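**Student:** In the numbering used here, the protein residues as written are 688 to 1089. Mind looking over this structure? Questions follow.
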Ligand code: AMP
Ligand code: MG
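The structure is reproduced here in structure tokens:
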């Protein structure tokens, strides 16, 4: 049995990044950058006014109140491109270029115009540089503004647009096939008969995979027969980068996922992880390079093992620099119990208290089949192996789920 950290390490080592593709800007939200994004202009591209007011020479306003002659107007998109001389002012708007010769902007609230707008009176002096953002003060042309490996968020869309990235080099989306095993399963639109349950894993796995940036294909329910599993896996491998199965990896007579993988001459990297819930998790590679996660059948085990391992693989495929969930530290609101020889990943809710400390509330749950309780989970509390219990108030490591 290997540790969770070792298993994640193996997943990272065995998962190559997919090739990059050029994608139109409107379609790249949530994708991972495959190129550094470089500024093609200074920002601001000219000395820019931060206020509506008057561009003047600070020297001329020293002995305010003073009267200056209005010689022109500079608006955003329509600047005044002459030289401002001693005793002159240019009416200026927010975002407009500051004329040559002016070194500051007095805000309109501290001025008033006289004689049909030919004269402005500045009521207060104004120091050089006031309300002017110098060309290149934010970014200089040639600077890297976003690094390859970054997941593109909404704010970054503005950065890409501002520097002319009409299309963007991003990693290809992983194609994932999802396969639920189990003779007891019926589709969601059927009423389960005697001894049957509805398949729910395919829906959580697909959703987690989509959140991790994948395009998902759902395979038909396949029962527990090795040859059928084998055929489904072999067919999906031709189209997909990753196959995620659920169920059929424990020690029961009808647990056939590993048998099917062996028939297909898959290389098994691990098949047991020192983890609760989720011990019998399988990670393998088929001869054509398609990766396979064989997750346990219990819905909570599915959620935990997907997020620890399959999510990491999907982000690594997309070139993410930090593909695994990021550990954070929280204070425990209730005591929790550990397990012999296995790390526990327990469902919890995260909140902050009035001192801005992160607090983890472990949820009451009925074990790895209790997917209804798990629906409220926002994070996993990690309890190291061989620890009987951790008391309320202790600091623990948590993983936030998305
Ligand atoms: P297994 O790992 O195949 O022994 O399954 C463990 C438990 O998870 C059993 O109670 C199964 O009925 C349940 N289970 C397996 N697959 C699914 C699924 N797709 N949806 C909901 N529950 C499942
Ligand atoms: Mg089963």
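Virtual Cβ for every residue (Gly too), placed ideally from N, Cα, C. Given the structure is predicted, the values throughout are model-derived calculations rather than measurements.
Counting Cβ pairs, one atom from each stretch, are 3 or more of them under 8 Å apart for the region 791-808 and the region 691-699?
**Tutor:** no
**Student:** Using a threshold of 6 Å, is the CB atom of residue 1011 nearer than that to any non-hydrogen atom of the ligand AMP?
**Tutor:** no
**Student:** Taking the alpha carbon of residue 819 as the reference point, which residue from 864, 748, 733, 774 has its own alpha carbon closest?
**Tutor:** The shortest C-alpha separation from residue 819 is found at 733.
**Student:** Would residue 715 pass as a contact of residue 855 if the rule is Cβ separation under 7 Å?
**Tutor:** yes
**Student:** Below 8 Å CB to CB, which residues in the same chain sit around residue 704 once its five sequence neighbours on both sides are set aside?
**Tutor:** So the list reads 858, 1003, 1004, 1005, 1006, once near-sequence residues are dropped.
**Student:** Just verifying my parser: in three-state terms, what is the DSSP assignment at residue 962?
**Tutor:** strand
**Student:** So, at 8 Å on beta carbons, what are the nonlocal neighbours of residue 774 in its own chain, with the 5 sequence-adjacent residues on each side left out?
**Tutor:** 747, 755, 756
**Student:** Is residue 934 near the ligand MG, in the sense that its beta carbon is under 6 Å from a heavy atom of that ligand?
**Tutor:** For residue 934, the distance from the CB to the nearest heavy atom of the ligand MG is below 6 Å.
**Student:** Taking 6 Å as the cut-off, is the CB of residue 937 close to at least one heavy atom of the ligand AMP?
**Tutor:** For residue 937, the distance from the CB to the nearest heavy atom of the ligand AMP is below 6 Å.
**Student:** Is the closest heavy atom of the ligand MG to the C-beta of residue 869 under 6 Å?
**Tutor:** yes
**Student:** Does the region 822-842 come close enough to the region 955-970 to have 3 or more Cβ pairs within less than 8 Å?
**Tutor:** no
**Student:** Can you name the start and end residues of the beta strand (DSSP E) that residue 1031 belongs to?
**Tutor:** 1030-1039
**Student:** Straight-line CA distance for residue 835 to residue 853?
**Tutor:** 17 Å
**Student:** Can you give the Cα-Cα distance for residue 1073 and residue 1079, rounded to whole angstroms?
**Tutor:** Cα-Cα distance, rounded: 18 Å.
**Student:** Can you give me the C-alpha to C-alpha distance between residue 1085 and residue 1038, rounded to a whole angstrom?
**Tutor:** Straight-line spacing of the CA atoms in residue 1085 and residue 1038 works out to 12 Å.
**Student:** Please go through the same chain and pick out, in chain order, the residues whose beta-carbon is closer than 6 Å to the beta-carbon of residue 889, but skip the five residues on each side of it.
**Tutor:** Excluding positions up to five away in sequence, the list reads 865, 867, 905.
**Student:** For residue 759, I'd like the list of residues in its chain whose CB is within less than 6 Å of its CB, leaving aside the five on either flank, ordered along the chain.
**Tutor:** 767, 777
**Student:** Comparing the CB of residue 910 with every heavy atom of the ligand MG, is any distance shorter than 6 Å?
**Tutor:** no
**Student:** Less than 8 Å between C-beta atoms, sequence neighbours within five positions excluded: which residues of the same chain meet that for residue 847?
**Tutor:** If we look at residue 847 and ignore the five residues flanking it on each side, its Cβ neighbours are 712, 715, 724, 833, 839, 855.
**Student:** Closer than 6 Å by C-beta to residue 924: which residues in its own chain qualify, once you throw out the five before and the five after it? Chain order, please.
**Tutor:** 973, 975, 977
**Student:** Which whole-angstrom value describes the C-beta separation of residue 1030 and residue 1070, a residue pair presumed to lie in contact below a C-beta threshold of 8 Å?
**Tutor:** 7 Å
**Student:** For residue 933, write down the residues that DSSP places opposite it in a beta bridge.
**Tutor:** Residue 933 pairs with 867, 982.
**Student:** Note down, one range per segment and in chain order, each beta strand (DSSP E) of at least 3 residues found wholly within the region 879-925.
**Tutor:** Assignment of beta strand (DSSP E) within the region 879-925, counting only whole runs of 3 or more residues, yields 902-905 in chain order.
**Student:** Is the beta carbon of residue 1035 sitting closer than 7 Å to the one on residue 1066?
**Tutor:** yes
**Student:** Cα separation between residue 791 and residue 851?
**Tutor:** 30 Å
**Student:** Just how far apart, CA to CA, sit residue 1060 and residue 894?
**Tutor:** 18 Å
**Student:** Please tell me whether, using a cut-off of 6 Å, the distance from the CB of residue 1057 to the nearest non-hydrogen atom of the ligand AMP is below it.
**Tutor:** no
**Student:** Less than 6 Å between the CB of residue 876 and some heavy atom of the ligand AMP, yes or no?
**Tutor:** no
**Student:** Which of the three DSSP states, helix, strand or coil, is assigned to residue 1054?
**Tutor:** coil
**Student:** In whole angstroms, give me the CA-to-CA distance for residue 932 and residue 902.
**Tutor:** Cα to Cα, residue 932 sits roughly 16 Å from residue 902.
**Student:** What did DSSP end up calling residue 945 once you bin it into helix, strand or coil?
**Tutor:** helix
**Student:** Leaving out five residues on either side along the sequence, give the residues of the same chain with a beta carbon under 8 Å from the beta carbon of residue 697.
**Tutor:** 689, 956, 957, 970
**Student:** Going by other Cβ atoms of all chains shown within 10 Å of its Cβ, with 16 needed for buried, is residue 1027 buried or exposed?
**Tutor:** exposed
**Student:** For residue 886 and residue 880, I'd like the C-alpha separation in whole angstroms.
**Tutor:** Rounded to the nearest whole angstrom, the CA to CA distance from residue 886 to residue 880 is 13 Å.
**Student:** I need the DSSP call for residue 973, collapsed to helix, strand or coil.
**Tutor:** The answer is coil: DSSP assigns residue 973 none of H, G, I, E or B.
**Student:** Under DSSP, the alpha helix (DSSP H) around residue 1101 begins and ends at which residues?
**Tutor:** Residue 1101 lies beyond the stretch modelled for the chain, which goes from 688 to 1089, so this question has no answer here.
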